[in-house]
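Visitor:
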Amino acid sequence: MDSTPDRAALRSWLPGFLALAAIWGSSFLFIKISIGELHPLHLTLYRVGAGAVTLLVVLAVLRDRLPAEPRVWAHLTVVAAFGVAVPFTLFGYGEQRVESMLAGIWNATTPLIVLPLAVLVFRTERLTARRAVGMTLGFAGVLVVLGVWQGVGGAHFTGQLMCLGAAACYGVAIPYQKKFVAGSAHSGLSLSAAQLLVATAQLAVVAPLVAGAPPAPTGLSAEVLASVLALGALGTGLAFVINLRNIRLAGASTASTVTYLVPVFAVLIGALALDERLTWHQPVGALVVLFGVAVSQGLIGRRPAPADVAGPAGRRESTVQKVRRQAGQPVA
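Those letters in the sequence shown? Residues 277 to 608, per the working numbering, in order.
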């Protein structure tokens, strides 16, 4: 059988897929560099503002429009806080205390927090035996990453809890989006741009009250300025456009598996660029977490039924995958 068409299809989306994993995986490196000169709130303000401007330009080029309904903007106020402003800031605070690669690992715990909230609070999902097993495995992995047998306390442990708190914020934002926002008629690009605009406004109010007036960009070093622009324009803005292209070419389910590569890139980049090191239990725990996520999302141990299919490639997608596809949830 001639497999040339399959290879051609793979070549069409694989470069963008790997580029997106590298972009999102490198975000934790850029956060680590930027907090050397910027307060975490100021960093989040600058990066979200840059991301908003980037997506507004893309909207103008594509002749798309921002939502007009007040109800959508009201819901986006909640999503912007829990899906952008607070978690981005918590990752900044966390990386003042932990390695960038460890922050990347904690970001991968998001689906484990989404599921119980979606089941118990927002009631958008059902808890099945498979999902329960996946959650149990995942949370066992979380305990391994934390190294709880070593005792708790100290700045490093606090930093890990801040990164876990950031993932928990995504756990609130994602099912909230599914219930109140993702079903709207607006494009994912439109909703994402609006979300970043709201988050920028929120941070513009809160950051000066908590951290004082943000420093002028001209007062930042070239390294930090480049990192902030990379976080905003590339990681928060352009990455969304790449993700949409990956979804169109490979399908929603395949495109969403980029989240499994993000911690891998975060660890590699942290080791190569910052000479960071992990203790044995952190990567082992990360593998257990990713295995638990895969089980809970049906990627292991279950064949999708035809009725479950979704997305251009006809593959099943989870709550996290669907809502990020429809509403443009950024990755830290």
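C-beta: ideal position from N, C-alpha, C; glycine also.
#1: Quick check: tryptophan 289 and glycine 511, are their CB atoms within less than 8 Å of each other?
#2: Closest to leucine 473 by C-alpha separation, out of Leu342, Glu401, Cys439, Ala449, would be which residue?
#3: CA-CA distance, serine 497 and valine 517?
#4: Take every Cβ of the region 374 to 382, pair it with every Cβ of the region 311 to 326, and state whether three or more of those distances are shorter than 8 Å.
#5: Quick check: what's the CA-CA separation for proline 346 versus valine 397?
#6: Given that a residue counts as buried once 16 or more other Cβ atoms are within 10 Å of its Cβ, and exposed if not, what is glutamate 375?
#7: Around the Cβ of proline 582, are there at least 16 other Cβ atoms within 10 angstroms (buried) or fewer (exposed)?
#8: Apply the 10 Å Cβ neighbour rule to histidine 432 and answer buried if 16 or more other Cβ atoms are within range, or exposed otherwise.
#9: Which whole-angstrom value is the C-beta distance of aspartate 340 and serine 463, which I expect to be below 8 Å?
#10: Which whole-angstrom value describes the C-beta separation of glycine 513 and leucine 331, a residue pair presumed to lie in contact below a C-beta threshold of 8 Å?
#11: Go ahead and pull the three-state DSSP assignment for glycine 513.
#12: Measuring straight from C-alpha to C-alpha, what distance separates threonine 533 and isoleucine 523?
#13: Which first and last residues belong to the alpha helix (DSSP H) in which isoleucine 389 is found?
#14: Which whole-angstrom value describes the C-beta separation of leucine 465 and valine 334, a residue pair presumed to lie in contact below a C-beta threshold of 8 Å?
#15: Go through its chain and collect everything with a Cβ distance to arginine 402's Cβ below 8 Å, but skip five positions before and after it.
#16: So within the region 472 to 527, which uninterrupted beta strand (DSSP E) runs reach at least 3 residues, ignoring any that extend past its ends?
#17: Going residue by residue through the region 322 to 382, where are the continuous alpha helix (DSSP H) segments of at least 4 residues, counting only ones entirely within it?
#18: Nearest CA to the CA of valine 500: which residue from Arg287, Glu313, Gly435, Val565?
#19: Looking at glycine 435: is its Cβ nearer than 8 Å to the Cβ of threonine 386?
#20: Is it buried or exposed, arginine 399, if we count other Cβ atoms within 10 angstroms and call 16 or more buried?
#21: Excluding sequence positions up to five away, which residues of its chain have a Cβ less than 6 Å from the Cβ of leucine 294?
#22: May I have the straight-line CA-CA distance separating leucine 419 from leucine 566, to the nearest angstrom?
#23: Exposed or buried, proline 291, counting other C-beta atoms within 10 Å across all chains shown (16 or more means buried)?
#24: So glycine 561 is in the alpha helix (DSSP H); what residue range does that whole segment cover?
#25: Would you mind giving the Cβ-Cβ distance between valine 564 and arginine 406, rounded to the nearest angstrom? I have them listed as a contact below 8 Å.
#26: Whose C-alpha, out of Trp425, Leu286, Ala470, Leu413, is nearest the C-alpha of alanine 344?
#27: Given this structure, state the Cα-to-Cα distance separating serine 503 from proline 493, to the nearest angstrom.
#28: Suppose contacts are defined by Cβ-Cβ distances below 8 Å. Is proline 451 in contact with leucine 393 by that definition?
#29: Three-state secondary structure (DSSP) at glycine 423?
#30: What does the Cβ neighbour count give for alanine 328, buried or exposed, with the cut at 16 atoms within 10 Å?
#31: Anyone know if the C-beta pair for glycine 414 and valine 569 falls short of 8 Å?
#32: What three-state label does DSSP hand leucine 554 in the structure shown?
#33: I'd like to know if valine 334 contacts chain D, where contact means its C-beta is closer than 8 Å to some C-beta of that chain.
#34: Is threonine 530 buried or exposed, if buried means 16 or more other CB atoms sit within 10 Å of its CB?
#35: Given arginine 521, which residues of its chain have a CB within under 7 Å of its CB, disregarding the five upstream and five downstream residues?
Guide: Short version:
#1: Translated into the one-based positions of the sequence shown, residue 289 becomes position 13. Translated into the one-based positions of the sequence shown, residue 511 becomes position 235. The answer is no: Cβ separation not under 8 Å.
#2: Along the sequence shown, one-based indexing puts residue 473 at 197. Closest by alpha carbon: Leu342.
#3: Within the sequence shown, residue 497 is the residue found at index 221, counting from 1. Within the sequence shown, residue 517 is the residue found at index 241, counting from 1. Roughly 28 Å between the two C-alpha positions.
#4: no
#5: Position 70 of the sequence shown, counted from the first residue, corresponds to residue 346. Position 121 of the sequence shown, counted from the first residue, corresponds to residue 397. The straight-line gap from Cα to Cα measures roughly 24 Å.
#6: Taking the sequence shown and counting its residues from 1, the one referred to as residue 375 is at position 99. So glutamate 375 ends up on the buried side.
#7: Counting from one through the sequence shown, the residue named residue 582 turns up at place 306. Reliability of the predicted coordinates at proline 582 is poor, the pLDDT of 46 falling under 50, and no value is obtained from them.
#8: Within the sequence shown, residue 432 is the residue found at index 156, counting from 1. With fewer than 16 Cβ atoms within 10 Å of its Cβ, histidine 432 is classed as exposed.
#9: Residue 340 sits at position 64 when you count from the first residue of the sequence shown. Residue 463 sits at position 187 when you count from the first residue of the sequence shown. That belief holds up - the Cβ atoms of aspartate 340 and serine 463 are roughly 6 Å apart, short of 8 Å.
#10: Counting from 1 along the sequence shown, the entry for residue 513 is found at position 237. Counting from 1 along the sequence shown, the entry for residue 331 is found at position 55. So it is a contact: roughly 5 Å between Cβ atoms.
#11: Working through the sequence shown from its first residue, we reach residue 513 at position 237. Three-state DSSP puts glycine 513 in a helix.
#12: Counted from its first residue, the sequence shown places residue 533 at position 257. Counted from its first residue, the sequence shown places residue 523 at position 247. Each residue's Cα considered, the two are about 11 Å apart.
#13: The count along the sequence shown starts at 1 and reaches residue 389 at position 113. Segment 386 to 396, the alpha helix (DSSP H) holding isoleucine 389.
#14: Along the sequence shown, one-based indexing puts residue 465 at 189. Along the sequence shown, one-based indexing puts residue 334 at 58. That pair is a contact at about 7 Å.
#15: As a working mapping, residue 402 is identified with position 126 in the sequence shown. Counting only Cβ-Cβ distances below 8 Å, and skipping sequence neighbours, we find Val395.
#16: none
#17: 346 to 356, 362 to 371
#18: In the sequence shown, counting from the first residue as 1, residue 500 sits at position 224. Ranking Arg287, Glu313, Gly435, Val565 by Cα distance to valine 500 puts Glu313 first.
#19: Position 159 of the sequence shown, counted from the start, is the residue given in the question as residue 435. Position 110 of the sequence shown, counted from the start, is the residue given in the question as residue 386. Contact flag unset, no.
#20: One-based indexing of the sequence shown puts residue 399 at position 123. By the 10 Å Cβ count, arginine 399 comes out exposed.
#21: Taking the first residue of the sequence shown as 1, we reach residue 294 at position 18. Closer than 6 Å at Cβ, skipping near neighbours: no residue.
#22: Residue numbering aside, residue 419 sits at position 143 when the sequence shown is read from its first letter. Residue numbering aside, residue 566 sits at position 290 when the sequence shown is read from its first letter. One Cα belongs to leucine 419, the other to leucine 566, and the distance between them is close to 13 Å.
#23: Within the sequence shown, numbered from 1, the residue matching residue 291 stands at position 15. The residue in question, proline 291, is exposed, as its Cβ has fewer than 16 Cβ neighbours within 10 Å.
#24: Residue 561 sits at position 285 when you count from the first residue of the sequence shown. Looking at the DSSP string, the run of the alpha helix (DSSP H) that includes glycine 561 is 557 to 572.
#25: Residue mapping note: residue 564 aligns to position 288 of the sequence shown, counting from 1. Residue mapping note: residue 406 aligns to position 130 of the sequence shown, counting from 1. 17 Å between Cβ atoms; not a contact.
#26: Counting from 1 along the sequence shown, the entry for residue 344 is found at position 68. The option with the nearest alpha carbon to alanine 344 is Ala470.
#27: Mapped onto the sequence shown, residue 503 falls at position 227. Mapped onto the sequence shown, residue 493 falls at position 217. Whole-angstrom Cα-Cα distance: 12 Å.
#28: Residue mapping note: residue 451 aligns to position 175 of the sequence shown, counting from 1. Residue mapping note: residue 393 aligns to position 117 of the sequence shown, counting from 1. Yes, they are a contact pair.
#29: Residue 423 sits at position 147 when you count from the first residue of the sequence shown. Note: glycine 423 maps to coil in three-state DSSP.
#30: For the purposes of this step, residue 328 is taken as residue 52 along the sequence shown, with counting starting at 1. Buried, since its Cβ has 16 or more Cβ neighbours within 10 Å.
#31: Here the question's residue 414 lines up with position 138 in the sequence shown. Here the question's residue 569 lines up with position 293 in the sequence shown. Contact flag set, yes.
#32: In the sequence shown, residue 554 corresponds to position 278, counting from 1. Here leucine 554 sits in coil by DSSP.
#33: The structure shown contains no chain D, having only a single protein chain.
#34: To locate residue 530, count along the sequence shown from 1; it is residue 254. Its Cβ being crowded by 16 or more others within 10 Å, threonine 530 is buried.
#35: Looking up residue 521 in the sequence shown gives position 245. Annotation for arginine 521: Gly292 place their beta carbon closer than 7 Å to its own, counting only its chain and skipping 5 residues before and after.
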